[in-house]
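One structure is given here, and the rest of the page talks about it.
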Amino acid sequence: MTTEQTLTDAAVTQFAVLDALLAGAYESGVAVSRVRQLGDFGIGCCEHLGGEVIILDGDVFECTVDEAPDRMSDEQILPFVDVCHFASATVREVAGSDLAEFTRSVESALRSRNLFHAVRADGVFASVLVRVTERQEHPYRPLAEVTNGQIETLLTDVRGTLVGFWAPAIYQGITVAGLHIHFLADDRSVGGHVLDVTVDRAELGIAAYARFDLHLPSDDHFLRTELTHDEDHRIVTVEGGGKKEDEFH
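Heads up, this note's numbering is the position in the sequence shown plus 1, with the first residue counted as 1.
What follows is the structure, given as C-alpha coordinates:
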(Lines of atoms letter the chains of each structure in order from A and count residues from 1; the text may use other names and numbers.)
(Lines give C-alpha, C1' and ligand atoms only; values in the text may rest on other atoms or scores of the structure.)
Protein backbone atom coordinates (compact mmCIF):
# COMPACT_ATOMS: atom_id res chain seq x y z
CA MET A 1 0.00 0.00 0.00
CA THR A 2 1.01 3.63 -0.35
CA THR A 3 0.13 6.50 1.98
CA GLU A 4 0.63 10.18 1.35
CA GLN A 5 3.90 11.36 2.83
CA THR A 6 3.90 14.28 5.27
CA LEU A 7 6.77 16.52 6.30
CA THR A 8 7.35 16.30 10.05
CA ASP A 9 8.54 19.22 12.17
CA ALA A 10 10.81 16.83 14.10
CA ALA A 11 14.55 16.74 13.48
CA VAL A 12 17.25 14.28 12.54
CA THR A 13 19.91 14.83 15.20
CA GLN A 14 23.55 13.92 14.61
CA PHE A 15 26.52 13.82 16.94
CA ALA A 16 29.97 14.35 15.31
CA VAL A 17 30.76 14.30 11.60
CA LEU A 18 31.88 11.52 9.30
CA ASP A 19 35.05 13.35 8.27
CA ALA A 20 36.16 13.23 11.93
CA LEU A 21 35.96 9.43 11.87
CA LEU A 22 37.94 9.41 8.64
CA ALA A 23 40.59 11.52 10.38
CA GLY A 24 40.72 9.28 13.46
CA ALA A 25 39.14 11.92 15.72
CA TYR A 26 36.59 9.88 17.67
CA GLU A 27 37.73 10.06 21.29
CA SER A 28 34.49 11.38 22.77
CA GLY A 29 30.81 10.84 22.15
CA VAL A 30 27.25 11.12 23.38
CA ALA A 31 25.73 8.90 26.06
CA VAL A 32 23.06 6.40 25.10
CA SER A 33 20.78 7.99 27.71
CA ARG A 34 20.88 11.26 25.75
CA VAL A 35 20.36 9.47 22.45
CA ARG A 36 17.18 7.88 23.80
CA GLN A 37 15.84 11.36 24.55
CA LEU A 38 16.48 12.46 20.96
CA GLY A 39 14.63 9.68 19.20
CA ASP A 40 13.58 6.07 18.80
CA PHE A 41 15.17 5.31 15.41
CA GLY A 42 18.69 5.62 14.05
CA ILE A 43 22.17 4.30 13.38
CA GLY A 44 25.66 4.94 14.70
CA CYS A 45 28.87 3.31 15.84
CA CYS A 46 30.16 2.02 19.16
CA GLU A 47 32.80 3.67 21.32
CA HIS A 48 36.30 3.42 19.79
CA LEU A 49 34.56 2.14 16.60
CA GLY A 50 34.06 -1.19 18.36
CA GLY A 51 30.96 -2.15 16.40
CA GLU A 52 27.84 -0.84 14.70
CA VAL A 53 24.71 0.58 16.36
CA ILE A 54 21.03 0.24 15.46
CA ILE A 55 18.27 2.21 17.20
CA LEU A 56 14.92 0.55 16.56
CA ASP A 57 11.59 1.16 18.31
CA GLY A 58 13.42 2.92 21.13
CA ASP A 59 15.95 0.16 21.81
CA VAL A 60 19.64 0.82 21.19
CA PHE A 61 21.56 -2.26 20.01
CA GLU A 62 25.31 -2.73 19.62
CA CYS A 63 26.59 -5.20 17.03
CA THR A 64 30.15 -6.28 17.84
CA VAL A 65 32.63 -8.83 16.53
CA ASP A 66 32.41 -11.01 19.64
CA GLU A 67 28.73 -11.31 20.51
CA ALA A 68 25.21 -11.21 19.13
CA PRO A 69 23.51 -7.79 19.11
CA ASP A 70 22.78 -6.61 22.64
CA ARG A 71 20.89 -3.70 24.17
CA MET A 72 23.21 -0.91 25.22
CA SER A 73 23.22 0.59 28.72
CA ASP A 74 22.52 4.28 29.28
CA GLU A 75 26.11 5.13 30.21
CA GLN A 76 27.70 3.72 27.05
CA ILE A 77 29.09 6.22 24.55
CA LEU A 78 28.48 6.64 20.82
CA PRO A 79 31.14 8.64 18.92
CA PHE A 80 28.82 9.07 15.93
CA VAL A 81 25.05 8.71 15.66
CA ASP A 82 22.07 9.81 13.57
CA VAL A 83 18.78 9.60 15.49
CA CYS A 84 15.19 10.79 15.10
CA HIS A 85 11.64 10.08 16.13
CA PHE A 86 10.35 7.99 13.27
CA ALA A 87 7.36 9.90 11.91
CA SER A 88 4.40 9.02 9.74
CA ALA A 89 5.89 7.48 6.64
CA THR A 90 5.22 6.71 3.04
CA VAL A 91 4.80 2.91 2.95
CA ARG A 92 5.24 0.72 -0.09
CA GLU A 93 5.97 -2.91 -0.81
CA VAL A 94 9.37 -3.87 -2.22
CA ALA A 95 10.08 -7.32 -3.66
CA GLY A 96 12.86 -9.04 -5.58
CA SER A 97 15.19 -6.04 -5.34
CA ASP A 98 18.96 -5.90 -5.26
CA LEU A 99 20.70 -2.95 -3.62
CA ALA A 100 20.51 -0.76 -6.73
CA GLU A 101 16.78 -1.44 -7.17
CA PHE A 102 16.13 -0.92 -3.47
CA THR A 103 17.94 2.41 -3.61
CA ARG A 104 15.85 3.47 -6.60
CA SER A 105 12.69 2.54 -4.66
CA VAL A 106 13.83 4.75 -1.80
CA GLU A 107 14.76 7.65 -4.06
CA SER A 108 11.51 7.46 -6.00
CA ALA A 109 9.63 8.02 -2.72
CA LEU A 110 11.66 10.98 -1.46
CA ARG A 111 9.74 14.15 -0.66
CA SER A 112 12.72 16.13 -1.95
CA ARG A 113 16.38 15.36 -2.64
CA ASN A 114 17.20 18.39 -0.47
CA LEU A 115 15.68 16.86 2.68
CA PHE A 116 16.79 14.17 5.11
CA HIS A 117 14.73 10.97 5.14
CA ALA A 118 14.54 8.13 7.65
CA VAL A 119 14.34 4.75 5.90
CA ARG A 120 12.96 1.54 7.39
CA ALA A 121 12.28 -1.78 5.66
CA ASP A 122 10.79 -4.76 7.51
CA GLY A 123 10.59 -8.14 5.85
CA VAL A 124 12.43 -11.12 4.42
CA PHE A 125 15.81 -10.71 2.77
CA ALA A 126 17.31 -13.23 0.37
CA SER A 127 20.76 -12.04 1.38
CA VAL A 128 22.35 -9.34 3.50
CA LEU A 129 26.09 -8.67 3.69
CA VAL A 130 26.89 -6.86 6.94
CA ARG A 131 30.09 -5.66 8.56
CA VAL A 132 31.26 -4.74 12.02
CA THR A 133 34.57 -3.18 13.01
CA GLU A 134 36.90 -4.04 15.87
CA ARG A 135 37.40 -1.74 18.85
CA GLN A 136 40.34 0.64 18.48
CA GLU A 137 42.84 1.84 21.06
CA HIS A 138 45.23 4.80 21.10
CA PRO A 139 46.53 5.96 18.74
CA TYR A 140 43.18 5.86 16.91
CA ARG A 141 43.42 4.89 13.26
CA PRO A 142 41.41 6.59 10.51
CA LEU A 143 38.14 4.88 9.62
CA ALA A 144 39.42 3.71 6.22
CA GLU A 145 42.22 1.78 7.94
CA VAL A 146 39.84 0.35 10.53
CA THR A 147 37.51 -1.02 7.86
CA ASN A 148 40.42 -2.81 6.17
CA GLY A 149 40.09 -5.30 9.02
CA GLN A 150 36.29 -5.34 9.21
CA ILE A 151 34.44 -8.57 9.91
CA GLU A 152 31.91 -9.39 7.19
CA THR A 153 28.99 -11.81 7.51
CA LEU A 154 26.74 -12.98 4.68
CA LEU A 155 23.20 -13.75 5.81
CA THR A 156 20.70 -15.66 3.66
CA ASP A 157 16.91 -16.01 3.90
CA VAL A 158 16.72 -13.86 7.02
CA ARG A 159 13.89 -11.84 8.54
CA GLY A 160 14.79 -8.46 9.89
CA THR A 161 14.81 -4.71 9.50
CA LEU A 162 16.87 -2.26 7.50
CA VAL A 163 17.36 0.96 9.46
CA GLY A 164 18.99 4.08 8.09
CA PHE A 165 18.87 7.43 6.39
CA TRP A 166 18.98 9.03 2.99
CA ALA A 167 20.89 12.34 3.12
CA PRO A 168 21.25 15.09 0.48
CA ALA A 169 24.46 15.20 -1.57
CA ILE A 170 25.53 18.55 -0.10
CA TYR A 171 26.03 16.89 3.32
CA GLN A 172 28.65 14.39 2.14
CA GLY A 173 31.46 14.39 4.71
CA ILE A 174 29.22 15.71 7.45
CA THR A 175 27.27 12.48 7.11
CA VAL A 176 26.98 9.81 4.42
CA ALA A 177 25.26 11.30 1.39
CA GLY A 178 22.71 9.07 -0.26
CA LEU A 179 21.53 5.86 1.38
CA HIS A 180 23.23 4.62 4.56
CA ILE A 181 21.63 1.56 6.19
CA HIS A 182 22.23 -0.96 8.95
CA PHE A 183 20.48 -4.31 9.49
CA LEU A 184 19.11 -6.10 12.55
CA ALA A 185 17.72 -9.64 12.40
CA ASP A 186 14.31 -10.24 13.97
CA ASP A 187 15.78 -12.86 16.29
CA ARG A 188 18.52 -10.38 17.30
CA SER A 189 21.18 -12.92 16.35
CA VAL A 190 23.15 -10.68 14.00
CA GLY A 191 23.35 -7.14 12.67
CA GLY A 192 25.68 -4.50 11.32
CA HIS A 193 26.40 -1.98 8.61
CA VAL A 194 24.93 -3.09 5.26
CA LEU A 195 27.41 -3.57 2.41
CA ASP A 196 24.96 -5.34 0.10
CA VAL A 197 21.39 -6.60 0.24
CA THR A 198 18.81 -8.47 -1.81
CA VAL A 199 15.22 -7.96 -0.72
CA ASP A 200 12.84 -10.91 -1.05
CA ARG A 201 9.79 -8.98 0.16
CA ALA A 202 9.54 -6.11 2.60
CA GLU A 203 7.47 -3.09 3.60
CA LEU A 204 9.44 0.10 3.05
CA GLY A 205 8.65 3.16 5.15
CA ILE A 206 10.17 6.59 4.49
CA ALA A 207 9.75 9.78 6.52
CA ALA A 208 10.96 13.24 5.48
CA TYR A 209 12.67 15.78 7.75
CA ALA A 210 13.42 19.45 7.06
CA ARG A 211 15.40 19.88 10.30
CA PHE A 212 18.95 18.61 10.84
CA ASP A 213 20.52 19.29 14.25
CA LEU A 214 24.29 18.82 14.37
CA HIS A 215 26.21 18.48 17.65
CA LEU A 216 30.00 18.65 17.45
CA PRO A 217 32.49 17.06 19.88
CA SER A 218 34.52 19.30 22.17
CA ASP A 219 37.38 17.00 23.17
CA ASP A 220 40.97 18.16 22.54
CA HIS A 221 41.59 15.66 19.75
CA PHE A 222 38.62 16.89 17.73
CA LEU A 223 39.37 20.55 18.41
CA ARG A 224 42.97 20.31 17.21
CA THR A 225 42.15 18.17 14.14
CA GLU A 226 41.40 20.47 11.24
CA LEU A 227 38.86 18.76 9.02
CA THR A 228 39.02 19.50 5.29
CA HIS A 229 36.62 17.54 3.15
CA ASP A 230 38.65 15.78 0.46
CA GLU A 231 37.59 12.22 1.22
CA ASP A 232 34.67 11.54 -1.13
CA HIS A 233 36.28 8.44 -2.61
CA ARG A 234 36.99 7.03 0.85
CA ILE A 235 33.43 7.65 2.03
CA VAL A 236 32.03 5.74 -0.94
CA THR A 237 34.50 2.90 -0.32
CA VAL A 238 34.04 2.73 3.44
CA GLU A 239 30.34 3.53 3.91
CA GLY A 240 28.73 3.08 0.51
CA GLY A 241 27.10 6.52 0.53
CA GLY A 242 26.78 8.89 -2.40
CA LYS A 243 26.86 6.16 -5.03
CA LYS A 244 25.47 6.81 -8.46
CA GLU A 245 23.21 4.10 -9.82
CA ASP A 246 25.79 2.80 -12.27
CA GLU A 247 28.26 2.27 -9.43
CA PHE A 248 26.07 -0.46 -7.99
CA HIS A 249 26.64 -2.65 -11.02
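Every residue, glycine too, gets a C-beta built ideally from N, C-alpha and C.
- Under the three-state reduction of DSSP output, Ala90 falls in the coil class, being neither helix nor strand.
- Taking the C-beta atoms as reference points, Ile171 is found no nearer than 8 Å to Leu215.
- Given a length threshold of 3 residues, each whole run of the beta strand (DSSP E) inside the segment 6-53 is given here in chain order: 8-16, 42-46.
- For Thr148, the enclosing alpha helix (DSSP H) begins and ends at 144-148.
- Glu102: member of the alpha helix (DSSP H) spanning 100-109, first to last residue.
- The alpha-carbon separation between Leu196 and Ala12 amounts to approximately 26 Å.
- Using a C-beta cut-off of 8 Å, the segment 31-43 makes no contact with the segment 98-118, since fewer than three inter-stretch Cβ pairs fall below that distance.
- Judged by pairs of C-beta atoms under 8 Å, the segment 23-36 does not touch the segment 121-129, as fewer than three such pairs exist.
- Note that the C-beta distance between Leu156 and Val133 is not below 8 Å.
- By the criterion of a C-beta distance shorter than 7 Å, His139 is surrounded by no residue of its chain, once the five residues flanking it on both sides are discounted.
- Following the DSSP letters along the chain, one finds Asp75 in no alpha helix (DSSP H), marked with neither H nor E.
- The Cβ atoms of His194 and Val164 do not sit closer than 8 Å to each other.
- About 23 Å separates the Cβ atoms of Ala119 and Ala21, ruling out a contact at the 8 Å cut-off.
- By the criterion of a C-beta distance shorter than 6 Å, Gln77 is surrounded in its chain by Val33, once the five residues flanking it on both sides are discounted.
- Annotation for Pro169: Arg114, Asn115, Leu116, Phe117, Ala178 place their beta carbon closer than 8 Å to its own, counting only its chain and skipping 5 residues before and after.
- Bounds of the beta strand (DSSP E) holding Asp197 are 192-216.
- Take the alpha-carbon of Glu153 and the one of Arg142: they are about 19 Å apart.
- Asp221: member of the alpha helix (DSSP H) spanning 221-225, first to last residue.
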